[in-house]
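Inspection log for the structure reproduced underneath, given as structure tokens.
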Amino acid sequence: MMEHPPAHPLRSAIGLVLAAATLLAACDGSATTASPRATQGHFDQTLHDRLPPEVRARGFLRVGTDASYAPMESFAPDGRTIIGIEPDLALEIGRILGVRLQFVNKTFDTLREDVADGVLDLAMSAMTDTPERAKAVDFVDYFSAGTSILVQRGNPSGVTGMSDLCGKVAAVESGTTQMDLLARTQKNCGDQPIIVKSYPTNSDALVQLRTGRAAAALSDFPTAAFFANDPHTRSHYQLASTTQFEPGLYGIAVAKTQPSLREAVQGACEELLRSGIYNDVMARWDVSEGGVDRISINSDRWTSIAGRASLNEHR
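The sequence shown begins at 3 in this note's numbering and counts up one residue at a time.
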């Protein structure tokens, strides 16, 4: 059975309110969240006019996500509403663009292809912008995180770093940068390779760790830290160390055939940054250290990382 993560441990009461508000507002099955705040995004006609005509006509953007990655995105207690950092940002992007961002739960590994083929308009799913991925889609970069190792509470396998995974089972979500990191680590394992087992969702990988079928599960730091600290899951998991490996930027994926849409999304994100709404969302979810100081495109990643001096070494 898949584990659907609960609301953020420091925001559980707010999360329940958001879920109820969203259910009332999104009767068509769309999934976004709303939170009380002093400042909200303001409609920008110029950015609205950059949206594709069909998007302006239908009034919403189709956004793909894998809702197994709290606190970035996950299902609320109702099992239907998608809540998290990215839905909160998407709500404000929509206010500026004058359209709704309607989230659709999809398999992470198919998101880029769906965006490139026009099945989805955007993908927001803690997706790290890499040069290889940017060959298929464009990225509007808006957050920074690295990879962390999650182990069972008490760390029975003694895993504290990547080299400790040699000869052990590591569970990971398919299609993520964690799979690439594990492949590179294999080169240093000699005759005791890492036994990499990949699964459709992060929830599936966590089940393997919780039941002792894997010595570790790899995910981005915000997600690993969430499960290590949430009252509902911390009895099962802990961080192997505070190290974040290979930090990179998350990007909103946009089809390369839609440069005006990319510019509209970038402009909306820049307005959120200027207005302070971006920082409000980061603070509300306790992820301010992952905030960026400017919105970048594709491989222009490292100069826009803010406040990451603590990172040592990268969904």
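For each residue, glycine too, the CB sits at the ideal point set by N, CA and C. Computed from a predicted structure; not experimentally measured.
Counting only runs of 3+ residues, the beta strand (DSSP E) found wholly inside the stretch 39–78 occupies 62–67, 75–77, in chain order. Ranking R52, P55, P73 by CA distance to the CA of D232 puts P73 first. For F223, the closest C-alpha among the options S237, T244, D206 is that of T244. D140 has its alpha-carbon roughly 6 Å from the corresponding atom of K258. For D166, there is no enclosing alpha helix (DSSP H), as DSSP marks it with neither H nor E. Counting C-beta pairs closer than 8 Å gives three or more between the stretch 249–263 and the stretch 51–58, which meets the contact rule.
Proximity to V174 across Q47, F62, T149, T162 peaks at T149, based on C-alpha coordinates. Residue environment: T235 is assigned as buried (16 or more neighbouring CB atoms within 10 Å of its CB, all protein chains considered). Between R155 and Y239 a beta carbon distance of about 6 Å is seen, short of the 8 Å cut, so the two are scored as contacting. A147 and A218 do not touch by the CB rule: their CB atoms are close to 18 Å apart, not below 8 Å. Contact between V65 and L122 is confirmed by a C-beta separation of about 7 Å, below the 8 Å threshold. Where S262 is concerned, there is no enclosing beta strand (DSSP E), although the alpha helix (DSSP H) around it starts and stops at 261–277. Ranked by how close their Cα comes to the Cα of S76, the residues S298, K108, Q188 have K108 in first place. Taking C-beta separations shorter than 8 Å and ignoring five residues to either side along the sequence, the partners of A92 in its chain run T34, V65, L103, F105, M126, following chain order. DSSP places N281 within a helical segment (H, G or I) once states are collapsed to three. Residue state for Q194 is assigned as coil, using DSSP reduced to three classes. Setting aside the 5 residues that flank it on each side, V283 is surrounded in the same chain by D90, L91, each with a C-beta closer than 6 Å to its C-beta; the list follows chain order. The DSSP-derived three-state label of T187 is helix.
Ranked by Cα distance from A227, the first of Q246, P158, C271 is Q246. S290 carries a helical assignment under DSSP once its states are collapsed to helix, strand and coil.
Residues of the same chain with a CB within less than 6 Å of the CB of T225, apart from the 5 flanking positions on each side, are Y71 in chain order.
Per DSSP, A257 lies in no alpha helix (DSSP H); the unbroken beta strand (DSSP E) holding it starts and ends at 247–257.
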